Amino acid sequence: MDSALIPKGVKRCPIWQFALGLGIVGAVLLWGVYAMLLCWFKGLNQTNMNDYYGFALWIWADLAVIALGGGAFFTGLLRYVIGKDELKNIINYAVLIGFICYSSALLILAIDIGQPLRGWFIFWHANVHSMLTEVAFCLSCYFGVLTIEYLPLVLENRQLDKVPFVHNLTHTMHEHMAIFAATGAFLSFFHQGSLGGVAGVLFGRPFAYREHLFIWPWTFFLFTWSAAAFGPCFTLLVTRITERIAGKKLVKDNVVQLLAKISGWMMFTYIIAKILDTAYWAFTTAPSLGFTLKDFYGTNGFYNYGWLVAEIIVGGLIPALMLITPKIRANRGMLTLATVLAVIGVCLNRWVMVLQVMAAPVMTFDEWALYVPSWQEVATTILPVAYGVILIMISYRYLPIFPQEAELNPITPEDAEGVQASGDSEPVLATAQA
Amino acid sequence: MFPFNFEWIWDMSHMVFMGGLWYALSILGLGITFCIVKAAMDTAKGKGGTHHH
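In order, the protein sequence lines correspond to chains E and H.
Sequential numbering from 680 applies to the first sequence in this note's numbering.
Sequential numbering from 12 applies to the second sequence in this note's numbering.
Spelled out as structure tokens, the structure:
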């Protein structure tokens, strides 16, 4: 049964090994589900959120996964709208990662609202003056886009593809994917931006408040830009991790190099804009509101200048320079290091824009309000990670995610004999050798 | 929210927000409907039996 579902021309691990992996990650998933049920049945008193922290760990996780999932919309834009044809060899994985990130974001929001049965209120009783309403609309619609983009991949499963209607549907969806990809890019531009805009319009929070262009604060554009820049880095990083675990190359170097180069230049231009934005905020905006940079970084042991350096230099400028330098980018170790730094950098940016905003004192009698999440918050934040790992495991095993895998890893007669003898897989030599 | 809901007001905010939502949902709905109908018609014509990508 299992072997009949595995794509032709590729080799997969034995079923017991796969089941063992699923079991281990599944245990973590169950821990998260238990914490989620506690939050739903007992209420948000299971968290350490309070009057200072209406936005806490969950919202950071939300913003972080949405930024990291930005690889899907940007790679889709490059592939289907701009016409970078080489990226067809990584777009499937970018879509899968995006699907995981956005479904995780929606799951976290379903826990965070405390009353998931009233989740539809945001559509029916919409507050049309809130950027978060726009975020909810675009997020839900874009998740629909990602589902539409992921669906043909599921339908390409070896057995499903034998059904003529399914085969035709997959074919038609592939043909018209540019429409969905363009819609996805449009939706992403707005919800990524509005997530940044939420921070930038907080005129009562001088740490977050930014100058505007028309109705949009600079953070609107910086968030969209950073998601497009850093999202592909996460796709590359997860691809690298998958390759290490699978013990084989899955995507050709020219594809990885192209995406890394584009991502690097996006990051480089973003980080210049971010530095200019930070400088203007530090020397003009904040002083006009009665604050200095020292008030935000020099009066607290936890939130010190190290955060600024870590976010902008270590997690922004350095990986950007690494990725735009061909010699460094060509080195796989350095490329992986650059993507790790970039992922940390964008997560730090989202942390700062959610949690440091809440922590920084506003009134003269205020003090820094630090926050430690409860175990339920931590478990429900790890839950989507476990879910993501499981979905990747299942998708990698049964779906043709990497079009170049068979070509890069031709199955030898010994492989075919060994695997067929154990009854674990059914590789097809003709396809692999083609 | 629809114009027949009691909360609806004919102002720019409602038209932009809700109009944008319906517009996006319409594109996705019509797009996927088109794909399903075309696949059904192709199948009825006998296409897709043995062809593989």
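We put the beta carbon where it would ideally sit given N, CA and C, even for glycine.
If you're wondering where the values come from, they're calculated on a predicted model, not measured in any experiment.
Using a Cβ-Cβ distance cut-off of 8 Å, determine whether E:P686 contacts chain H. no
Three-way DSSP call (helix, strand, coil) for H:W19 in this model: coil
Taking 8 Å as the cut-off, does the segment 738-749 of chain E touch the segment 895-907 of chain E (at least 3 CB pairs, one atom from each stretch)? yes
Would E:L708 pass as a contact of E:I1069 if the rule is Cβ separation under 8 Å? yes
First and last residue of the alpha helix (DSSP H) that includes E:F947? D932 to Y959
Mind checking the segment 34-50 of chain H against chain E and listing, in chain order, the residues whose C-beta falls within less than 8 Å of any C-beta there? A35, L36, I38, L39, G42, I43, F45, C46, I47, K49 and A50
Can you tell me where the alpha helix (DSSP H) holding E:D1132 begins and where it ends? Chain E is shown from 680 up to 1113; residue 1132 of chain E falls before or after that span and cannot be answered.
Minimum Cβ-Cβ distance from E:W803 to chain H less than 8 Å: yes
For E:E813, which residues in chain H fall below 7 Å Cβ to Cβ? F28
Would you call E:P1079 buried or exposed, if buried means 16 or more other Cβ atoms sit within 10 Å of its Cβ? buried
Delimiting residues of the alpha helix (DSSP H) encompassing E:R1029: R1011 to W1030
Residue-level contact to chain H via CB, E:C912, 8 Å cutoff: no
Any C-beta of chain H under 8 Å from that of E:F868: no
Hey, is the segment 33-53 of chain H in contact with the segment 811-830 of chain E, meaning 3+ C-beta pairs nearer than 8 Å? yes
Under 8 Å between C-beta atoms of E:E990 and E:G943: no
If we define contact as Cβ-Cβ less than 8 Å, is E:S1101 a contact residue for chain H? Confidence in E:S1101 is poor, its pLDDT being 47 and thus under 50, which makes the residue's placement unreliable; the coordinate value appears in the next sentence. Not one chain H Cβ lies under 8 Å of E:S1101.
Three or more beta-carbon pairs under 8 Å between the segment 999-1012 of chain E and the segment 965-975 of chain E, yes or no? no
E:T948, buried or exposed, once every other Cβ within 10 Å from all chains shown has been counted against 16: exposed
Rounded to whole angstroms, what's the CA-CA distance from H:N16 to E:Q794? Just pull it up for me. 23 Å
At which residues does the alpha helix (DSSP H) containing E:R797 begin and terminate? Careful: E:R797 lies outside any alpha helix (DSSP H) and carries neither H nor E.
For E:H891, which residues does DSSP report across the bridge? E:P896
Over what stretch of residues does the alpha helix (DSSP H) that includes E:H853 continue unbroken? P843 to E854
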